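A.B. asks: Before anything else, here's the structure in question.
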């Protein structure tokens, strides 16, 4: 019969890495791929995505950087995971399509701008990186929300009877406008953020030498997203509207002459 000391001896630890399931860091928290991505998503609300490092994530979780790499499989998966959630949020905030292309595209644009404003770190990253701007690397069984969002937008344009070439161009132009508008907000590039400085420079310029600059100084210095985004979007939508073939006007039947 084995001695009590032998019975009490814990089983030998298996060699190799633990399975990819939640592993304890301390008594209060666990680490997993989902929790790492969730934390990175929250960080991207204030920090540019390219500045979120595996080392920083490891410090935040109190683990070695190698464990973060183990669960995510590399930095590319970190970036794509954050961006996939970003597109998921954009898509899930949208109502169903109504059959009215202009109404739906305006809704898509405004919701996208709101989501981007909540994630400035993502907006700044997308403006300077090509990879994962749209299509994402996902795990088996996961949805590529970049592709799903793309499909939703082009489907909205298709309601207007545009050709495939027009839909493709319209999507690209809208995406470029949204990117420039969201980056301007995220990076605080709009004139209203620098109103005092702009006014000081423009109103100190000689009026006889810079009459145009003096003329628009206050109007220009007051520009912010609330006044610029809708105006720019309307110009785009009006332009898209002009692509549509004119509908033949219904001819009015001549009324019979009265006796």
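Residue numbers (our numbering): 2 to 260. Ideal Cβ placement from N, Cα and C applies to all residues, glycine included. Values in this document were obtained by computation on a predicted structure and should not be read as measured data.
Tell whether a beta-carbon distance below 8 Å holds between residue 199 and residue 232.
C.D. replies: In the chain shown, the residue the question calls residue 199 occupies position 198. In the chain shown, the residue the question calls residue 232 occupies position 231. The answer is no: Cβ separation not under 8 Å.
A.B. asks: So residue 120 and residue 87 are supposed to be a Cβ contact under 8 Å. How far apart are they, rounded?
C.D. replies: Position 119 of the chain shown, counted from the start, is the residue given in the question as residue 120. Position 86 of the chain shown, counted from the start, is the residue given in the question as residue 87. With a Cβ gap of about 6 Å, residue 120 and residue 87 count as contacting.
A.B. asks: Within the same chain, show all residues whose beta-carbon is closer than 7 Å to that of residue 107, passing over the 5 residues directly before and after it, in chain order.
C.D. replies: Start at 1 with the first residue of the chain shown, and residue 107 comes out as number 106. Correct list, in chain order: 234 and 238.
A.B. asks: Determine the direct distance from the alpha carbon of residue 67 to that of residue 18, and round the result to whole angstroms.
C.D. replies: The residue labelled residue 18 in the question sits at position 17 within the chain shown. The residue labelled residue 67 in the question sits at position 66 within the chain shown. For residue 18, the predicted model reports a pLDDT of 49, less than 50, meaning its position is unreliable and no value from the coordinates is stated.
A.B. asks: Starting from residue 247, trace the alpha helix (DSSP H) both ways and give me its first and last residue.
C.D. replies: The residue labelled residue 247 in the question sits at position 246 within the chain shown. No alpha helix (DSSP H) holds residue 247; DSSP gives it neither H nor E.
A.B. asks: Restricting to Cα atoms, I'd like to know which of 201, 196 and 95 is closest to residue 153.
C.D. replies: Start at 1 with the first residue of the chain shown, and residue 153 comes out as number 152. Ranking 201, 196 and 95 by Cα distance to residue 153 puts 95 first.
A.B. asks: Can you tell which of 33, 59 and 128 has its C-alpha closest to the C-alpha of residue 51?
C.D. replies: Within the chain shown, the letter at position 50 stands for residue 51. Nearest option by C-alpha distance: 128.
A.B. asks: So residue 157 and residue 105 are in contact, right, with Cβ under 8 Å, and what is the actual spacing, rounded?
C.D. replies: Against the chain shown, residue 157 aligns to sequence position 156. Against the chain shown, residue 105 aligns to sequence position 104. Right, their Cβ atoms sit about 4 Å apart.
A.B. asks: Tell me which residues share the same chain as residue 244 and place their Cβ nearer than 7 Å to its Cβ, disregarding the 5 neighbours each side in the sequence.
C.D. replies: Locating residue 244 in the chain shown gives position 243, where the first residue counts as 1. Contacts found: 163 and 167.
A.B. asks: Mark residue 31 as exposed unless 16 or more other C-beta atoms lie within 10 angstroms of its C-beta, in which case mark it buried.
C.D. replies: Position 30 of the chain shown, counted from the start, is the residue given in the question as residue 31. With fewer than 16 Cβ atoms within 10 Å of its Cβ, residue 31 is classed as exposed.
A.B. asks: Report yes if the CB atom of residue 110 is closer than 8 Å to the CB atom of residue 191, and no otherwise.
C.D. replies: Taking the first residue of the chain shown as 1, we reach residue 110 at position 109. Taking the first residue of the chain shown as 1, we reach residue 191 at position 190. No. Outside cutoff.
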